[in-house]
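Be aware that the sequence shown starts at 3, since it is given in the numbering used here, and climbs by one per residue. Notes for the one structure printed next.
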Amino acid sequence: MFLGVSDPRTSSFAAAGEDGAGTAVTVGTPWARCQPLEHDRGTRTGEDDGVADRSESGATLRPVMDPAARLPLDTTSTRTSAREILRLAVPAFGALVAQPLFTLIDAVIVATLGTTSLAALGAGAQVFTTVTGLAVFLAYGTTAVVARRVGAGQVAAGISDGIEGVALGLVIGLAATAGTWLLGPQLLEWIGTSPETTSEALAYLRTISLAFPFALAAMAAIGVLRGLQDTATTLWVTLAAVGANLALSYYLVLVARWGITGSAWATVIAEVLAAGLFLAEHGRRARRHS
Numbered sequence: 003m004f005l006g007v008s009d010p011r012t013s014s015f016a017a018a019g020e021d022g023a024g025t026a027v028t029v030g031t032p033w034a035r036c037q038p039l040e041h042d043r044g045t046r047t048g049e050d051d052g053v054a055d056r057s058e059s060g061a062t063l064r065p066v067m068d069p070a071a072r073l074p075l076d077t078t079s080t081r082t083s084a085r086e087i088l089r090l091a092v093p094a095f096g097a098l099v100a101q102p103l104f105t106l107i108d109a110v111i112v113a114t115l116g117t118t119s120l121a122a123l124g125a126g127a128q129v130f131t132t133v134t135g136l137a138v139f140l141a142y143g144t145t146a147v148v149a150r151r152v153g154a155g156q157v158a159a160g161i162s163d164g165i166e167g168v169a170l171g172l173v174i175g176l177a178a179t180a181g182t183w184l185l186g187p188q189l190l191e192w193i194g195t196s197p198e199t200t201s202e203a204l205a206y207l208r209t210i211s212l213a214f215p216f217a218l219a220a221m222a223a224i225g226v227l228r229g230l231q232d233t234a235t236t237l238w239v240t241l242a243a244v245g246a247n248l249a250l251s252y253y254l255v256l257v258a259r260w261g262i263t264g265s266a267w268a269t270v271i272a273e274v275l276a277a278g279l280f281l282a283e284h285g286r287r288a289r290r291h292s
């Protein structure tokens with residue numbers, strides 16, 4: 003007769019026979035082996051160590067810790083995972099930090115025009131950043147869809163789905179532009195813009211609203227690249243757009259004397275540049291995986 007119990011912590015199986023000769027077998031692993039098992043005979047009177055148990059035949063059953071179950075921690079894979087996380091996270095963080103530089107650059111340059119222009123910029127920029135902030139779901143949604151496709155080995159389908167997300171961003175951006183042109187005065191009134199700055203703020207807001215389609219398309223495009231595990235490209239494109247915004251804002255505001263509207267046009271052109279670079283990159287990847 004052969005009896006036994008299993009230890010859920012180590013997948014060990016301990017057994018003892020009638021003759022007292024017991025064995026412990028590790029099951030479920032390719033290196034299963036046997037070890038001697040101490041066996042107590044006779045009848046135990048009231049003592050119970052909480053580990054051993056006794057069958058009807060009198061055999062004592064004890065779970066045995068298999069040394070092979072104590073496997074060392076795979077530090078190599080842990081280091082690799084950490085490097086992979088940093089490879090994706092650092093450029094993504096840089097791109098997130100670079101985005102607010104658009105408004106910061108505009109504020110620094112427009113401040114040279116006076117406090118009224120700076121207040122008007124603040125009012126218009128508040129509406130612009132609110133709309134783009136509400137549309138951040140485009141980046142998160144495309145990231146999830148593309149990553150799921152890539153995980154299934156369907157890279158081409160993932161890029162195709164991502165391009166549809168970019169198209170959705172364009173459509174939403176066009177609707178936001180139309181709504182801003184129609185409701186611009188009401189929006190500025192709702193956020194408490196003073197009458198002295200309303201005129202300049204409205205001119206800035208309506209001009210910068212032309213960037214909505216390209217900004218939202220770029221947002222969806224960033225999500226596509228994240229799903230493809232490429233955050234470095236998003237960083238370089240964002241830095242290029244920030245650099246273009248800086249140069250154009252300086253020229254249009256301080257050299258061409260377009261005033262606060264020149265700052266808005268600089269942002270529009272920079273967003274067009276970013277969207278164009280992202281679409282070119284997506285087109286290149288689509289051709290490679292077609």
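All C-beta atoms in this analysis are idealised placements derived from N, C-alpha and C, irrespective of residue type, glycine included. Given the structure is predicted, the values throughout are model-derived calculations rather than measurements.
Could you give the DSSP three-state label for residue i: helix, strand or coil?
i	result
Val-239	helix
Asp-293	What is shown of the chain runs 3 to 292, which leaves residue 293 out entirely.
Ser-196	coil
Pro-187	helix
Gln-156	coil
Ala-258	coil
Thr-47	Here Thr-47 scores only 45 on pLDDT, less than 50, and its place in the model is too uncertain to base an answer on.
Val-53	Because Val-53 carries a pLDDT of 45, less than 50, the predicted location of this residue cannot be relied on, and the following value inherits that uncertainty. Coil at Val-53, not helix or strand.
Ala-23	Reliability fails at Ala-23, whose pLDDT of 48 lies under 50, so the model's placement of it is uncertain and no value is given.
By alpha-carbon positions, which one of the options ends up nearest to residue i?
i	options	result
Tyr-253	Leu-241, Ala-266, Ala-242	Ala-266
Thr-145	Ile-210, Ala-94, Ile-107	Ala-94
Phe-216	Gly-245, Asp-232, Ala-169, His-284	Ala-169
Phe-316	Gly-278, Ala-203, Glu-166	In this structure the chain extends from 3 to 292, so residue 316 is not present and cannot be described.
Ala-276	Gly-245, Ala-220, Val-112, Leu-212	Ala-220
Thr-269	Trp-238, Leu-230, Phe-280, Leu-207	Leu-207
Leu-123	Ala-159, Ala-288, Ser-196	Ser-196
Arg-89	Gly-278, Gly-285, Ala-242, Thr-233	Thr-233
Gly-194	Trp-183, Gln-128, Ala-137, Val-152	Gln-128
Leu-248	Val-92, Ala-109, Ala-91, Gly-135	Ala-109
Ala-1	Ser-83, Glu-283, Ile-210	The structure shown does not extend to residue 1, since the chain is modelled only from 3 through 292, so no value can be given for it.
Leu-184	Asp-163, Ile-111, Leu-212, Val-138	Leu-212
Gly-285	Gly-153, Leu-241, Ser-162	Ser-162
Leu-136	Thr-199, Gly-245, Ala-178, Ala-243	Ala-178
Phe-256	Gly-167, Ile-111, Ala-282, Ser-292	Here the sequence assigns Leu to residue 256, which means Phe is not the residue at that position. Closest by alpha carbon: Ile-111.
Arg-287	Glu-166, Val-157, Ala-113	Val-157
Leu-279	Ile-262, Leu-250, Ala-246	Ala-246
Would you mind reading off the limits of the alpha helix (DSSP H) that contains residue i?
i	result
Gly-153	139–153
Val-270	262–290
Gly-135	117–136
Ala-109	103–112
> Using 8 Å as the threshold, is the stretch 217–229 in touch with the stretch 135–145, meaning 3 or more CB pairs across them?
Replying inline: yes
> Using 8 Å as the Cβ pair cut-off and three pairs as the minimum, do the stretch 167–185 and the stretch 204–218 touch?
Replying inline: As far as the Cβ criterion goes, the stretch 167–185 touches the stretch 204–218, which means the pair count is three or higher.
> Do the stretch 110–119 and the stretch 270–289 meet, that is, are 3 or more Cβ pairs less than 8 Å apart?
Replying inline: no
> If you pair each beta-carbon of the stretch 236–245 with each one of the stretch 95–112, do three or more pairs fall below 8 Å?
Replying inline: yes
> Should the stretch 104–115 be regarded as contacting the stretch 182–195, the criterion being three or more beta carbon pairs within less than 8 Å?
Replying inline: no
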